[in-house]
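Residue numbers (my numbering): 467 to 555.
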């Protein structure tokens with residue numbers, strides 16, 4: 467495993483919000499309000515965490531131009547982190 471992947475795994479695991487939100491989006495298109503309901507995290511925290519995950523290139527907004535109804539999905543890098551976090555040993 468390369469250093470960048472290890473760094474990303476540590477970054478996600480260091481925050482329950484980052485981990486829960488990333489796992490919730492897993493291979494789906496989700497609105498922040500949907501994520502908020504599913505993981506029981508206030509919408510403002512979801513929005514802040516999505517920005518952090520986006521800055522780390524783990525999620526992307528597929529309709530950035532939208533003021534409302536922005537949809538998020540995991541990137542390939544994010545999918546790799548999810549695979550690591552969910553694998554059974």
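A virtual CB, placed ideally from N, CA and C, is assigned to each residue, including glycine.
For a test of the three-state rule: what should DSSP assign to residue 543, helix, strand or coil? helix
Assign residue 525 to one of two classes, buried (16 or more other C-beta atoms within 10 Å of its C-beta) or exposed (fewer than that). buried
Taking residue 484 as the reference, give the member of 469, 468, 515 with the closest Cα. 515
Can you give the beta carbon distance from residue 458 to residue 512, rounded, assuming they're within the 8 angstroms contact cut? No statement about residue 458 is possible, as the shown extent of the chain runs from 467 to 555 and does not include it.
Own chain residues within Cβ distance below 8 angstroms of residue 544, not counting five before or after: 488, 491, 519, 523, 524, 525
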